[in-house]
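Engineer:
In the numbering used here, the protein residues as written are 19 to 136.
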């Protein structure tokens, strides 16, 4: 069982930056894949970023490419999402999710609100 807790959300002006954290507990994350998703009011959940825990391989949703960067700190059992050049359309609740190897993303955090507004 993996428990995930996201932090770092808040209110930021357009063009600003935020860094989200997702702290994992319950087991080590070797062989896990980690993802960030987001969901805005009235919209479907959207894939944001993926990072392989062991490999460090990343890929991103089209809407955030070049602006967001996923990383992980294996010593702290934590993944991060650095968000730069934020836009109002990035406003959403951001969720961290974990999947063991090729299994489904069964473990989710509670989410953290990001609001981009002037």
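Just so you know, even glycine gets a beta-carbon here, dropped at the ideal spot from N, CA and C.
Quantities reported herein were computed from a predicted structural model and do not represent experimental measurements.
(1) Taking one C-beta from the segment 26-43 and one from the segment 101-111 each time, how about it: are there three or more such pairs within less than 8 Å?
(2) Relative to the C-alpha of residue 92, which candidate in 36, 120, 50 and 66 has its C-alpha closest?
(3) Between which two residues does the beta strand (DSSP E) harbouring residue 49 extend?
(4) For residue 67 and residue 23, I'd like the C-alpha separation in whole angstroms.
(5) Does the segment 78-97 come into contact with the segment 36-47, if we say contact requires no fewer than three beta-carbon pairs (one atom in each stretch) closer than 8 Å?
(6) What are the start and end residues of the beta strand (DSSP E) that includes residue 89?
(7) Cα separation between residue 37 and residue 54?
Structural biologist: Walking through what the data contain:
(1) yes
(2) Position 74 of the chain shown, counted from the start, is the residue given in the question as residue 92. Comparing Cα positions, the closest option is 50.
(3) Here the question's residue 49 lines up with position 31 in the chain shown. It is not in any beta strand (DSSP E) - residue 49 carries neither H nor E in the DSSP assignment.
(4) What you label residue 67 is simply residue 49 of the chain shown in a count that begins at 1. What you label residue 23 is simply residue 5 of the chain shown in a count that begins at 1. Between residue 67 and residue 23, the C-alpha separation is close to 17 Å.
(5) yes
(6) Position 71 of the chain shown, counting from 1, holds the residue named residue 89. It spans 86-91 - the beta strand (DSSP E) in which residue 89 sits, taken as one unbroken run.
(7) Indexing the chain shown from 1 puts residue 37 at position 19. Indexing the chain shown from 1 puts residue 54 at position 36. One C-alpha to the other measures close to 12 Å.
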